[in-house]
Each structure stands twice: as C-alpha cells, then as structure tokens.
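In the working numbering, the protein residues as written are 8 to 369. Glycine is no exception: its CB is placed at the ideal position from the N, C-alpha and C atoms. Only a predicted model underlies this, so the values are computations on that prediction, with no experimental measurement involved. Have a look at the structure below before the remarks.
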C-alpha cells in the first residue's frame with residue numbers, strides 16, 4: 008500500500024505543478040450526495056487561510072467556462088488552395104490530347120496523376136454510369152468496323168446488335184448496359200446502319216481506335232502529344248475524315264473554336280504532321296465530325312466542324328504556349344482553375360477542394 012500511495016502522491020505532485028490546475032470532485036454519485044475527501048477539505052481550508060490573496064478560488068462562472076472548454080478543440084483553420092511547384096525535370100514531357108483539356112481546367116489533376124503517379128481506384132460496386140455506357144458503345148462500334156472493314160453485311164443493323172451481344176457476354180458491365188439500355192441501343196443500331204450505308208461508298212479505308220503522336224519543342228526539350236482517334240476515314244477524293252463518337256453531349260462549336268475543347272483539332276494537327284500510321288504527312292482534312300449516338304429521337308446525329316485545318320493550326324499554337332507556361336518550375340499546378348468545366352474530380356479529395364473552396368466563397 009505504501010508504494011501505491013507514494014506513486015499516487017508523485018503523480019499528483021507532477022500534475023499539480025502545471026501552470027494552471029483545476030481540482031474537481033463529484034457532488035453526487037448515482038444521485039447520492041457525496042462529502043468531499045478529508046484531504047480536499049483540508050486543502051480548501053489552507054487555501055482560504057493562506058493563499059486567498061495571491062490565488063483566488065475560481066468562481067462558478069469561471070469553473071463552468073473551464074469545464075465546457077476543457078475538451079473543445081481550437082477553431083478549425085482551413086487549408087489554402089494548394090499550389091505545388093515541382094521542379095522542371097519531373098514535369099511531364101508527354102500528354103494525350105484529352106489531358107491537354109484537363110491541364111487547361113484542372114492542372115492539379117495532371118500533377119497528381121503524372122508527377123505524384125497517383126491513380127484513382129475503381130469503385131467496389133460500379134453503377135452503370137454514362138462513362139461505362141460510352142466505353143461499351145465505343146467498343147461495339149470498333150469491333151463492328153474491324154469485322155466489316157470493307158463490305159457491309161446484308162443487314163447492318165442486325166450485325167451491330169449481334170456485335171453488342173457478343174461483347175456483352177464478355178463483361179458484366181456490358182451486360183448491365185444492355186439490360187437497361189437495350190431499347191435505346193436498338194435505335195442506335197438502326198441509326199448506325201443508315202450512317203454506314205451512306206458513308207461507305209465514299210471511303211477507301213477506315214482506321215478505328217488508332218493511336219498517333221507528334222513531337223513539339225517545348226522549352227528546348229521534346230514534348231510528345233499523343234492521341235487515340237475513334238475513327239479515321241480515307242476518302243475516295245484523297246482527303247481524311249476524323250470522327251469522334253459521343254454518347255453524351257459533344258463540346259459546343261464555341262468551345263472548339265475558343266480552344267476550350269482542343270481534342271479533335273489536335274488530332275487533326277497530329278494527322279497533318281503524319282503522326283498516325285497509314286495517314287500521309289500534310290494530309291488534307293475534309294471533316295472533323297462528332298458522331299453523337301444517344302438512342303433518343305433521332306437516335307444519333309452528325310456535327311461537322313468548319314475550317315478543320317485552321318482549327319488544327321490554332322490549337323497547336325495554343326497548346327505550345329500552354330506547355331511552355333507549365334514547363335516553368337515557377338508555375339503552380341492549381342486545382343480547378345475552371346470548376347464549372349470540370350467533369351471528373353478524381354483528385355478533389357487530395358486537393359481538399361471542399362475545404363478551401365468554401366473558405367474562398369465565404
């Protein structure tokens with residue numbers, strides 16, 4: 008017992024040596040009034056007689072304040088918008104044309120993906136999102152084109168549907184898409200049939216999901232732009248058509264002209280530079296076309312962009328300036344420069360967007 012008492016006394020003295028000490032006791036336990044310990048009563052008596060002037064006993068209001076703030080954390084301090092500035096030698100020297108748009112609106116996503124090398128995990132139970140549906144439709148159209156690169160089958164719409172069913176058997180996502188989207192996809196198949204029947208006589212060659220690249224000089228270093236075109240057509244007049252499939256809304260003409268959606272103009276620039284295998288250098292671009300297939304009424308539509316060569320030249324010039332800007336190690340990769348245009352927020356939690364954005368808004 009002596010040892011336990013000694014340890015308790017030691018612990019008390021250590022704690023009692025703090026700059027400010029608050030001693031409390033329970034006045035009731037389970038509703039039963041309790042008497043203070045003899046030691047506490049003695050301490051209070053000594054305090055009243057010896058230390059009242061130099062150490063006044065705290066009043067009830069102060070005790071209440073101390074009690075309520077005992078475990079209260081300090082006010083939270085919001086983090087500022089991150090502005091990472093990595094050294095020039097670790098900044099990316101290769102980006103796809105779709106990532107150029109990301110660099111324009113959410114540079115931090117490029118920093119997280121290409122410099123920190125962080126990739127978002129797939130959800131455990133993925134819903135049939137627009138992105139999954141779009142990916143499946145792309146695969147259907149790719150496989151159909153590879154099956155029939157020259158001559159079309161007798162019943163084109165049925166062949167498109169059969170291709171979709173074959174792909175659906177290979178993945179759970181494909182089965183889920185067709186389960187909920189079959190009526191619309193059936194309408195898309197009919198529209199694709201009319202689309203193919205009309206275009207094929209004027210086409211001498213088709214490339215589907217074809218990759219390409221070109222190298223530009225940025226800050227006296229080579230920088231590679233890459234692209235994967237949904238479909239490139241060689242026409243009987245010697246021109247080139249570049250097509251992009253969309254199951255959602257394609258970018259507006261204004262966005263394309265203002266270079267807020269540079270993907271297709273940059274694909275045209277890569278084609279003109281001879282960056283796609285099978286496409287000759289200085290190819291003449293006839294059509295830059297968005298093919299929207301959504302299963303509504305009508306099930307699809309074509310929108311052809313005007314002045315493709317000029318769009319390609321303007322886009323390439325603008326991208327070079329953008330890449331020069333981010334080649335400077337004093338330039339920060341700021342998250343969500345244009346939050347109204349950000350569609351995918353894979354790194355919003357890492358950038359703590361909700362924290363600093365709410366602080367900036369306030």
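If I follow the unbroken beta strand (DSSP E) through residue i, where does it start and stop?
{"i": "residue 299", "result": "292–300"}
{"i": "residue 216", "result": "210–225"}
{"i": "residue 310", "result": "307–312"}
{"i": "residue 103", "result": "101–103"}
Please name the residue, chosen from the options, that lies closest to residue i on a Cα-to-Cα basis.
{"i": "residue 156", "options": "207, 183, 109 and 175", "result": "207"}
{"i": "residue 211", "options": "70, 232, 237 and 244", "result": "244"}
{"i": "residue 264", "options": "36, 309, 142 and 315", "result": "315"}
{"i": "residue 167", "options": "16, 91, 217 and 195", "result": "195"}
{"i": "residue 189", "options": "150, 144 and 203", "result": "144"}
{"i": "residue 217", "options": "150, 198 and 123", "result": "150"}
{"i": "residue 90", "options": "101, 118 and 72", "result": "118"}
{"i": "residue 275", "options": "256, 238 and 298", "result": "238"}
{"i": "residue 255", "options": "344, 49 and 142", "result": "142"}
{"i": "residue 358", "options": "72, 114 and 106", "result": "114"}
{"i": "residue 454", "options": "236, 230, 185 and 158", "result": "This structure gives no information on residue 454, because the portion of the chain shown stretches from 8 to 369."}
{"i": "residue 299", "options": "78, 202, 122 and 346", "result": "202"}
{"i": "residue 98", "options": "344, 332 and 355", "result": "332"}
{"i": "residue 137", "options": "282, 173, 351 and 330", "result": "351"}
{"i": "residue 307", "options": "355, 344, 257 and 293", "result": "257"}
{"i": "residue 30", "options": "22, 354 and 122", "result": "22"}
{"i": "residue 342", "options": "361, 296 and 330", "result": "361"}
{"i": "residue 197", "options": "230, 260 and 302", "result": "302"}
{"i": "residue 259", "options": "289, 311 and 214", "result": "311"}
{"i": "residue 47", "options": "148, 219 and 19", "result": "19"}
{"i": "residue 147", "options": "13, 43, 176 and 69", "result": "176"}
{"i": "residue 27", "options": "36, 69 and 282", "result": "69"}
Tell me where the alpha helix (DSSP H) around residue i begins and ends.
{"i": "residue 326", "result": "315–334"}
{"i": "residue 48", "result": "45–53"}
{"i": "residue 156", "result": "Neither: residue 156 is in no alpha helix (DSSP H) and is coded neither H nor E."}
{"i": "residue 169", "result": "163–175"}
{"i": "residue 115", "result": "114–117"}
Under 8 Å by Cβ, that's how I've got residue i and residue j pegged, so tell me the actual separation to the nearest angstrom.
{"i": "residue 270", "j": "residue 108", "result": "6 Å"}
{"i": "residue 277", "j": "residue 232", "result": "7 Å"}
{"i": "residue 180", "j": "residue 139", "result": "5 Å"}
{"i": "residue 6", "j": "residue 104", "result": "Lying outside 8 to 369, the shown extent of the chain, residue 6 is not represented and no answer is given."}
{"i": "residue 87", "j": "residue 339", "result": "Wrong, their Cβ atoms sit about 12 Å apart, outside the cutoff."}
{"i": "residue 322", "j": "residue 279", "result": "Contact flag wrong, Cβ pair sits at about 11 Å."}
So for residue i, helix, strand or coil by DSSP?
{"i": "residue 252", "result": "strand"}
{"i": "residue 94", "result": "coil"}
{"i": "residue 267", "result": "coil"}
{"i": "residue 24", "result": "coil"}
{"i": "residue 234", "result": "strand"}
{"i": "residue 360", "result": "helix"}
{"i": "residue 349", "result": "coil"}
{"i": "residue 69", "result": "helix"}
{"i": "residue 272", "result": "helix"}
{"i": "residue 126", "result": "coil"}
{"i": "residue 190", "result": "helix"}
{"i": "residue 228", "result": "strand"}
{"i": "residue 138", "result": "helix"}
{"i": "residue 61", "result": "Since pLDDT at residue 61 reaches only 49, below the 50 mark, its modelled position is unreliable, and the value read off the structure follows with that caveat. Three-state DSSP puts residue 61 in coil, outside helix and strand."}
{"i": "residue 88", "result": "coil"}
{"i": "residue 78", "result": "coil"}
{"i": "residue 341", "result": "coil"}
{"i": "residue 109", "result": "helix"}
{"i": "residue 185", "result": "helix"}
{"i": "residue 178", "result": "coil"}
I'd like to confirm the pairing. Which residues does DSSP put opposite residue i in its beta bridges?
{"i": "residue 277", "result": "None, per the DSSP bridge assignment."}
{"i": "residue 40", "result": "35"}
{"i": "residue 242", "result": "210"}
{"i": "residue 146", "result": "DSSP output for residue 146 lists no bridge partner at all."}
{"i": "residue 283", "result": "219"}
{"i": "residue 195", "result": "Paired residue(s): none; residue 195 is not in a bridge."}
{"i": "residue 247", "result": "241 and 292"}
Nearest chain B C-beta to residue i closer than 7 Å, yes or no?
{"i": "residue 93", "result": "The chain labelled as chain B is not found in the depicted structure, where only one protein chain is given."}
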